[in-house]
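My numbering numbers the first residue of the sequence shown as 1 and each following residue consecutively. Even for Gly, the Cβ is constructed at its ideal location relative to N, Cα and C. Just below is one structure, and these are the notes that go with it.
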Amino acid sequence: GNAYRSLGQYNRTIEFFQQSLAMFTEIGDHNGEANSLQNLGNAYRSLGQYNRAIEFYQQSLAIYTEIGDRNGEANSLIGLGNAYYCLGQYQKAIEFYPQSLAIFTETGDRNGEGNSLASLGNAYYSLGQYQKAIEFYPQSLAIYTEIGDRNGEAKSLQNLGAAHSSLQQYPEAINYYQQAVNIYESIRRDLQELTLEQQQSYVNTIKPVYTRLAQLLQQQGRNSQAQQIIELLKTR
C-alpha cells in the first residue's frame, strides 16, 4: 500500500489498505487496524476526498487513544486538521493543530512539532490573521533549521514573506523571500544529478516564490535585482 502511495497510485493504495484493515480487524490487531485507517485517511486526502479522509482519521484516532499510542493520536489529529484546512474550514482546523502539537512536544517528535506549528500559521494566514500567523512561522522555522529540513525551512521563510507582504511590510517580506530563495537555490544545486524534466518539475513548484520576490523588488525600484531573481528560474 505504501509503495503504491509513493507512486501516487492512491486508488490502488486504498484497495490494499482496505484489505489490511479487514485482516487486522479479523485477528484483533488494534494497532494494525488504526494504522490502516490512518493510511486510508491519507490516501483519500491525497485524492481530494476530504470528508472521507475525516471519517477514517476519526476512526484511527479513537483506536490510537484507546490503546495509548500517542504518536498515532498526534498523526491522526494533524491529519484531521489538514483535511478541514483543505475544506476551507480553517477555524475547525485550528481546533486540532494545538492538540497534535502538544502530543508531538510530549513525545519529542520535532518534525511533528514543526509541521503542527507551520499548519497553525497557515490556518491563521488563511483567516487573514497575518500577525497571528507570524507568531507561529518563526517557531516552525527554528525547528526545521534544527533538524535540517531545508524544504520546511524555506517554506517557513516563504510563509513569513507572504504574511509580512499581506501586512504591507515590504522590506521584511523581501528579506524573508530572499532567504527562502537562497535555500531553494542550494536545494537545486543538490538536484543537478536529476533529469532536466525532474529539475524543471521542482522549479515549477517553487516558481511563485521567485515571482513574488521579483514583483516586490520591482515595486521598490530594484529592477536589476528583480531580473536576477527571474533569471534564476531558468533550468541550468
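Helix, strand or coil, according to DSSP, for residue i in the structure here?
i: Gly114; result: helix
i: Gln219; result: helix
i: Thr195; result: coil
i: Gly68; result: coil
i: Leu87; result: coil
i: Gly32; result: helix
i: Ala3; result: Unreliable placement is indicated for Ala3, whose pLDDT of 43 sits below 50; the coordinate value is still reported in the next sentence. Helix at Ala3.
i: Gln49; result: coil
i: Asp190; result: helix
i: Lys234; result: coil
i: Leu127; result: coil
i: Gly41; result: helix
i: Gln169; result: coil
i: Gly108; result: coil
Residue i lies in the alpha helix (DSSP H); which residues open and close that run?
i: Gly161; result: 150-166
i: Lys132; result: 130-147
i: Leu21; result: 10-27
Say whether chain B places a C-beta atom closer than 9 Å to the C-beta of residue i.
i: Asn175; result: No chain B appears in the structure shown, which is made up of a single protein chain.
Among the options, which one has its Cα closest to the Cα of residue i?
i: Gln220; options: Asp190, Tyr170, Leu21, Asn151; result: Tyr170
i: Ile14; options: Tyr90, Ala154, Leu37; result: Leu37
i: Tyr90; options: Asn122, Arg222, Glu66, Ser60; result: Asn122
i: Ser140; options: Asn159, Ala83, Val203; result: Asn159
i: Lys92; options: Ser100, Ala102, Leu101, Leu80; result: Leu80
i: Glu101; options: Arg70, Gly88, Phe56, Ala34; result: According to the sequence provided, residue 101 is Leu. The question's Glu does not apply to it. When each option's Cα is compared against that of Leu101, the closest is Arg70.
i: Gly128; options: Arg150, Gly88, Gln228, Arg110; result: Gly88
i: Ser76; options: Cys86, Phe56, Tyr85, Ile134; result: Phe56
i: Ser46; options: Gln59, Leu21, Asn11; result: Asn11
i: Tyr176; options: Gln200, Gln192, Ala214; result: Ala214
i: Gly207; options: Gln218, Ile230, Ser224, Tyr64; result: Note that residue 207 corresponds to Lys in the displayed sequence, not to Gly. Out of Gln218, Ile230, Ser224, Tyr64, Ile230 has the C-alpha closest to the C-alpha of Lys207.
Segment contact flag, the region 52-72 with the region 35-43, C-beta cutoff 8 Å, min 3 pairs:
Look at the beta carbons and you see the region 52-72 touching the region 35-43: at least three pairs across the two are nearer than 8 Å.
Please confirm if the region 184-200 is in contact with the region 163-172, defined as three or more CB-CB distances below 8 Å between the two stretches.
With a cut-off of 8 Å, the region 163-172 and the region 184-200 do not count as touching, because too few Cβ pairs lie within range.
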